[in-house]
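Student:
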Amino acid sequence: MYQRPRFLEELHEIRAEMSRECDYDIDLFAETVRSGQDPTHGPARNIRGRRVYAPVSPLIEQRQELDELGEIWEE
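Taking this note's numbering, the leading residue of the sequence shown gets 86, the next gets one more, and so forth.
(1) How about residue 139 and residue 128: do their beta carbons lie closer than 8 Å?
(2) For the alpha helix (DSSP H) containing residue 139, list its first residue and its last residue.
(3) By DSSP, does residue 100 sit in helix, in strand, or in coil?
(4) Which residues does DSSP list as the beta-bridge partners of residue 129?
(5) Could you work out which residue in 110, 144, 126 is closest to residue 137 when comparing CA atoms only?
Structure follows, in structure tokens:
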């Protein structure tokens, strides 16, 4: 067969990473809805052999601040 161009290899890697992130977001949303609590950290990644968590989304922090001020009402 023919050899795959480097561009296609990179494109497939990017697509696979985006797919994993999308799966994580869906799982996180389902868990948030089930538990009723916002996450304490973002997705985990292995960086140089250490498990590192992404920081919490600024939107979640903003929502928590509004909750504390009583500006968000749940019906």
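A virtual CB, placed ideally from N, CA and C, is assigned to each residue, including glycine.
Tutor: Well, looking at it:
(1) yes
(2) Counting along the chain, residue 139 falls outside any alpha helix (DSSP H), and DSSP gives it neither H nor E.
(3) helix
(4) 138
(5) 126
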